[in-house]
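Residue numbers (this note's numbering): 1 to 102. Cβ coordinates follow ideal geometry from the N, Cα and C atoms, glycine included.
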């Protein structure tokens, strides 16, 4: 069974625009996140000595701020995606729903 409203939405030009804008952004952010995460895991696996270097005269090693950087990067790209979604994608979705609503 196919819903006529769903078919109408899928044929709508604004929906095509929404998909064309949202999909590449999601792919780029996913690739960036995977690169950062697996880069950090790769450092843990293959260069423990680098991550174990102390910072200054303290006991904190270089791995701690790098790990915090991974966490902050994740938060930053999430905030970026939410802002783009709220400012652009939601407006397109609202326009589509206005045009398609019975």
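Asked, Found
"Close Cβ partners of residue 100 (< 7 Å) along its chain, the five nearest in sequence each way excluded", "5, 8, 9 and 12"
"Span of the alpha helix (DSSP H) around residue 101", "Neither: residue 101 is in no alpha helix (DSSP H) and is coded neither H nor E."
"Cα-Cα separation between residue 83 and residue 40, rounded to whole angstroms", "26 Å"
"Residue 61 - partner residues in DSSP beta bridges", "54"
"Which listed residue (74, 20 and 87) has its alpha carbon closest to that of residue 31", "74"
"The region 62-81 contacting the region 22-37, beta-carbon criterion three pairs below 8 Å", "yes"
"Span separating the alpha-carbon of residue 55 from that of residue 64", "10 Å"
"Three or more C-beta pairs below 8 Å linking the region 84-95 and the region 13-26", "yes"
"Own chain residues within Cβ distance below 6 Å of residue 72, not counting five before or after", "none"
"Cut-off 8 Å between Cβ atoms - residues of its own chain near residue 96, not counting five sequence neighbours on either side", "9, 12, 14, 15 and 18"
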